[in-house]
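773 is the number of the first residue of the sequence shown in this note's numbering; add one for each residue after it.
Working notes, structure below.
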Amino acid sequence: MVKSRVGPFALEAPLSPSRSTGQLFRGVHLEQSKLAALRVFKIPMGMTPESRQAYSEQIEQLKTLRHPGIVRCFGGGYDSSTAFLAYELIDGESLDNIIARRGRLPWETAFEYSQELIEALKYALERDWIHGRLKPDKILVDSEDKVRVCDWRRDEISDLLRSRPCIAQMQFTAPECFDGREADEKSELYSVGALLFFMLTGHPPFQAPSEQLRQVVFTQDAPDVRSIVLDCPVWFSSIVNQLLSRDPAKRPFSLTAVQLAFKEAQKRQEQGVGVLQHATAGFSPLQLEADRGEAEKVLGIKPKKRKKKKADVGFFDQAWVLGLGLLLAIGAIVWLLLPPSEATLYAKAERLLPPKSDRWLDWKRSKDILLNMTNRYPDGEHANWAKERIAWIEAGETTRRLQRQNRFNEREKWSDADLQYWNAQEFEKFGDLQTAKIRYEAVLSVYESDSEAASICYLASEAIQRIEEQGSSESELRSYIKEKLAEASQAYDEARIVAARELWESIVELYSSNDELTEEVGEAELRLEELKSR
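The following block contains the structure:
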């Protein structure tokens, strides 16, 4: 039975079919009478205090993304079994529906859409947001023919949505991200190229069955757009080809570089420069950071006028003035070549770490500075602080890697330490803190001397400390399991069969070996048997 209300919203017509990532509804705010698009998804095992906190923080971060090219998030919430995200309701159509209806887009339209798309992605990147899952159904075109990018989220929300990679996503994902690598600006550029190819030709760059697609993407170059669309300009096709390079280093330098290339193309077109002449022109901001003067020309920025020097400059021609200038220049060069002091490196790293920065990209940048500190000043005043910060950052990287690989069903890449830590975490999330603590302690005991498992041990130590601060007892665990059984029964009575079955299956899977909970496990097994016999 579908709910008729979530949070302060009344649900109206569904806007999408029901999937593992939830369902999209048209909704109206009951107090403000405002329309919204609501993504509603189930969280049958409930949420721990930590996941609730992470979810709330993610929503607050999403609300700060305000750009004409980004679908705005108004907020979200949750109850015991359901969560929701409220978005701006766009009067428009998704890119995949447009292509299904029109076959393909004229290159002029694709060019215009791509500029708007890159502008939105660049705005988000400046705020430490990478989309990472760009594909045609994430691109909306509104009633004013403007591009809007939707479905922004980070790992915490993605984990709740329990999304799995599908062939449609793989066709627009950079090859390096197939192996679980975190998306970055370079992989975002590849997705932009794939979207441009899709707009221009009407189909993705690579088409193959899911079991063969990976091999094709890793071994073959994308077809040249001009071999399919004869009226596509050479320069536009060249940009798409660079964006779709398998090697990230061969893609454009940045989103800004692509932006400059597009502006250059527009400028030369307006000036009547032929396509062939344009394609062979010397200036290209795609691979290198553009020279400031040339970039200012492309962007139409007038350089500041400099005051003319007087003809009488004899003072600066005097030998002692030239000698002093030479000494100052030599001093500056020597100063620049000297390695930075420990205090300087400490100050740089500190500015990129909490509490001064809450951006993950800043934390990753600080790691290089911290490693430089520990290498140059292993016994320095801040050496221990630097080592602790490095361990903390690497633990964060490990957490994100595990979440990403679990979401993409890539557990075969996990080490034994990864698997044991994840299993302990599952007990903690469910609320069985005693079992979780025992398992975390076992991880420390077995892998403490394994340097490759240092981050896992760091995470296990943090978890043990967290559990000890919370405190719990067997009676609390039994009460918690009974609450979950009651919740499953209520879900069953409300015809939410999937939610009920998942609860009962989790109890059996996690506690079948716990002699203290034989009665509760037996009840869950009995209810599952009843389901099978229906």
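Here a beta-carbon is modelled for each residue, glycine too, at the ideal position from N, C-alpha and C.
Whose C-beta lies closer than 8 Å to the C-beta of residue i among residues of the same chain, with five residues either side of it excluded?
{"i": "G799", "result": "V778, F781, A782, L783, E784, L807, A808, A809, L810, A858"}
{"i": "V988", "result": "F978, A980"}
{"i": "E803", "result": "P780"}
{"i": "I862", "result": "A809, V843, L912, D914, R920, C922"}
{"i": "R1064", "result": "Residue placement at R1064 is flagged as unreliable, the pLDDT there being 48, under the threshold of 50; a coordinate-derived value is accordingly withheld."}
{"i": "L1298", "result": "none"}
{"i": "L1300", "result": "R1273, W1276, E1277, V1280"}
{"i": "R986", "result": "M942, F950"}
{"i": "R838", "result": "R844"}
So, with DSSP's three-state summary, where would you put residue i?
{"i": "T854", "result": "strand"}
{"i": "Q943", "result": "coil"}
{"i": "G1294", "result": "helix"}
{"i": "R874", "result": "helix"}
{"i": "D1063", "result": "Confidence at D1063 is low in this model, with a pLDDT of 46, below 50, so its placement is unreliable and no value can be given for it."}
{"i": "E784", "result": "strand"}
{"i": "G794", "result": "strand"}
{"i": "R1018", "result": "coil"}
{"i": "E1273", "result": "Checking the sequence shown, residue 1273 turns out to be Arg, not Glu. R1273: helix per DSSP, three-state reduction."}
{"i": "R1131", "result": "coil"}
{"i": "R920", "result": "strand"}
{"i": "L1048", "result": "Note that L1048 scores a pLDDT of 44, beneath 50, so its modelled location is shaky; the value from the coordinates is reported in the next line. Three-state DSSP puts L1048 in a helix."}
{"i": "V778", "result": "strand"}
{"i": "W713", "result": "Only positions 773 to 1306 of the chain appear in the structure, and residue 713 is not among them; the question remains open."}
{"i": "Q1262", "result": "helix"}
{"i": "V989", "result": "helix"}
{"i": "P789", "result": "coil"}
{"i": "F970", "result": "helix"}
{"i": "K1256", "result": "helix"}
{"i": "S999", "result": "helix"}
{"i": "S982", "result": "helix"}
{"i": "W901", "result": "coil"}
{"i": "A1267", "result": "coil"}
{"i": "C1004", "result": "coil"}
Please name the residue in the options whose C-alpha comes closest to that of residue i.
{"i": "V866", "options": "A1115, V921, L1275", "result": "The residue asked about is misnamed: residue 866 is Ser in this sequence, not Val. Answer by Cα proximity: V921."}
{"i": "A955", "options": "Y850, Q941, H903", "result": "H903"}
{"i": "G864", "options": "Q887, I911, P1112", "result": "I911"}
{"i": "G847", "options": "L834, E1302, E1160", "result": "L834"}
{"i": "K814", "options": "S788, T854, A1296, E1160", "result": "T854"}
{"i": "R926", "options": "C949, W901, E1295, Y850", "result": "W901"}
{"i": "Y827", "options": "Y850, E960, C1004", "result": "Y850"}
{"i": "C938", "options": "L1231, E983, D1265, I1279", "result": "E983"}
{"i": "A1163", "options": "E948, Y1264, L796, S1233", "result": "S1233"}
{"i": "Q943", "options": "W924, R953, G965", "result": "G965"}
{"i": "V1012", "options": "K1256, V997, R1018", "result": "V997"}
{"i": "D1287", "options": "P1020, I1141, K1139, T1207", "result": "T1207"}
{"i": "W1194", "options": "L1231, T1290, A1260, K1159", "result": "L1231"}
{"i": "L1119", "options": "K1035, A940, I1141", "result": "As written in the sequence, residue 1119 is Ala, which differs from the Leu given in the question. Checked all of K1035, A940, I1141; the closest Cα to A1119 is I1141."}
{"i": "F1008", "options": "S886, A892, P840, N1178", "result": "S886"}
{"i": "A946", "options": "P1020, R1172, R1176, L1303", "result": "P1020"}
{"i": "Q1031", "options": "Y895, R838, P786", "result": "Y895"}
{"i": "Q868", "options": "Y1252, P1005, L968", "result": "Strictly speaking, residue 868 in this sequence is Asp, with Gln absent from that position. Of the candidates Y1252, P1005, L968, the one whose C-alpha sits nearest the C-alpha of D868 is L968."}
{"i": "E1291", "options": "R1250, V1218, R1131", "result": "R1250"}
{"i": "D1130", "options": "L837, G1294, E884, R899", "result": "R899"}
{"i": "I1253", "options": "R1268, V1218, A1296", "result": "A1296"}
{"i": "P840", "options": "E891, H801, R791, W879", "result": "E891"}
{"i": "W879", "options": "R838, D917, C1004, R824", "result": "C1004"}
{"i": "E916", "options": "L1289, E888, S1138", "result": "E888"}
{"i": "R791", "options": "V812, S1221, H801", "result": "V812"}
If I measure Cβ to Cβ from residue i and keep anything under 7 Å in the same chain, skipping five residues before and after, which residues do I get?
{"i": "D1190", "result": "L1174, I1228"}
{"i": "Q1242", "result": "L1205"}
{"i": "S1026", "result": "E957"}
{"i": "F970", "result": "I871, P908, P976"}
{"i": "R1023", "result": "K958, L961, Y962, Q1014, L1015, S1017"}
{"i": "Y1149", "result": "E1114, A1155"}
{"i": "L1216", "result": "C1229, A1232, S1233"}
Within its chain, find whatever has a CB closer than 6 Å to the CB of residue i; leave out the 5 residues flanking it on each side and keep chain order.
{"i": "I1000", "result": "T973"}
{"i": "Q1049", "result": "With a pLDDT of only 47 at Q1049, under the threshold of 50, the placement of this residue in the model should not be trusted; the figure read from the coordinates follows. Closer than 6 Å at Cβ, skipping near neighbours: no residue."}
{"i": "T1171", "result": "none"}
{"i": "R1123", "result": "none"}
{"i": "A1167", "result": "S1227, Y1230, L1231"}
{"i": "E1200", "result": "A1208"}
{"i": "S776", "result": "L783"}
Identify every residue that forms a DSSP beta bridge with residue i.
{"i": "E957", "result": "According to DSSP, E957 bridges with nothing at all."}
{"i": "Y1307", "result": "The requested residue 1307 does not occur in the structure, where the chain is confined to residues 773 to 1306."}
{"i": "D914", "result": "G864"}
So that I know if they touch, is there some Cβ in chain D lying closer than 8 Å to that of residue i?
{"i": "P840", "result": "In the displayed structure, chain D is absent; only one protein chain is listed."}
Counting only runs that start and end within the region 800-850, where is the beta strand (DSSP E) found for 3 or more residues in a row?
807-814, 845-850
Counting only runs that start and end within the region 1162-1244, where is the alpha helix (DSSP H) found for 4 or more residues in a row?
1188-1202, 1205-1219, 1226-1242
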